[in-house]
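S.K.: When the sequence shown is numbered by this note's numbering, its final residue is 158 and no position is left out of the sequence of numbers. Have a look at the structure that comes next, please.
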Amino acid sequence: MHAAIATLTSQKQSHEHHRSALQSEIAATQTAIRQRREAQAAHQRALDAQARHNLPELKFWEGCLGLRIEGAGEERLRFGFGELGAERGEGWFEIDTGSAVGFEVVRTEPRLEGEEVEAVVERANEARDLVMLLKGMRGLFVDALRE
12 MHAAIATLTS QKQSHEHHRS ALQSEIAATQ TAIRQRREAQ AAHQRALDAQ ARHNLPELKF
72 WEGCLGLRIE GAGEERLRFG FGELGAERGE GWFEIDTGSA VGFEVVRTEP RLEGEEVEAV
132 VERANEARDL VMLLKGMRGL FVDALRE
C-alpha cells in the first residue's frame, strides 16, 4: 500500500513539474506572439505613413514629367512616358523588380535597340540610380520617336 502511495505521489510530482514547464512554455509563446503582433502593427503604421508621402510624390512625377508607374504583373513595374514631344506619342518599358543584378528591362514599346537599352541599364545599375534609368530610357524613346 505504501509503495502504491509513493508511486502515485511521484507521478503527481512529475505531472505537476511537467504542467509548470508547459505553463512556462505557453507564457513564453504568448509573449512572443504579442511582440510579433506589436512589431507587425508598428510596421503597418510605418507603411501607412509612407503611403501618405508617396502619393504627392507620384502626382509630381506624373504631372511634371508625364510619367506613369504601374504594376505589370508579379515582380514587374511599367514606366510609361506620355507626350514625348509634339505628336510623337508615348513610350513605355517594363523592369523586373525581382532581378538580383539590379535593373533589368524586359520589354519596351516602341521597340528600342538592345545595345542602347543595355548601355542605359548598365550605367543605372553601376550608380544604383532609378532616376538615371528613367532619364536614359526617356531619352531613348524621344530619339526613337523622332525617326
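Ideal Cβ placement from N, Cα and C applies to all residues, glycine included. All of these numbers come straight from a predicted model, not from anything done at the bench.
1. Would DSSP call F71 helix, strand or coil?
2. Specify the secondary structure class of R122 as computed by DSSP and reduced to three states.
3. Comparing C-alpha positions only, which one of R122, G113, E124 sits nearest to L144?
4. Reducing DSSP to helix, strand and coil, say where E183 ends up.
5. Near E105, what residues of its chain come up, given a Cβ to Cβ distance below 6 angstroms and the 5 sequence neighbours on each side ignored?
6. Please identify the residue among K70, W103, R30 whose C-alpha is closest to the C-alpha of R149.
7. For V112, which of helix, strand or coil comes out of DSSP?
8. For D107, does the three-state DSSP call read helix, strand or coil?
9. Run the CB neighbour count on D107, radius 10 Å, all protein chains shown included, and call it buried at 16 or more, exposed below.
10. Starting from the C-beta of E27, find all residues in its chain whose C-beta is less than 7 angstroms away, skip the five residues before and the five after it, and write them out in chain order.
11. Using DSSP with H/G/I as helix, E/B as strand and the rest coil, what is R79?
12. Out of curiosity, what's the CA-to-CA distance linking S21 and A15?
13. Check this for me: beta carbons of E127 and L151, under 8 angstroms apart or not?
14. Buried or exposed: where does A135 fall if 16 or more other Cβ atoms within 10 Å of its Cβ makes it buried?
M.R.: Judging by the given coordinates:
1. Collapsing the DSSP output to three states places F71 in a helix.
2. Of the three classes helix, strand and coil, the one that applies to R122 here is coil, per DSSP.
3. Nearest option by C-alpha distance: G113.
4. Residue numbering for the chain in the displayed model covers 12 to 158; residue 183 lies beyond these limits and cannot be assessed.
5. Excluding the 5 residues flanking it on each side, E105 has same chain C-beta neighbours closer than 6 angstroms at A83, R87, R89, V117, R118, in chain order.
6. The candidate whose alpha carbon is nearest that of R149 is W103.
7. Note: V112 maps to coil in three-state DSSP.
8. In this structure, D107 counts as strand in the three-state DSSP scheme.
9. With 16 or more other Cβ atoms within 10 Å, it is buried.
10. Excluding residues within five positions, none has a Cβ falling inside 7 angstroms.
11. Strand.
12. Rounded to the nearest angstrom, the two C-alpha atoms are 10 angstroms apart.
13. For the pair E127 and L151, the CB atoms are nearer than the 8 angstroms cut-off.
14. Burial of A135 is indicated by the presence of at least 16 other C-beta atoms within 10 angstroms of its C-beta.
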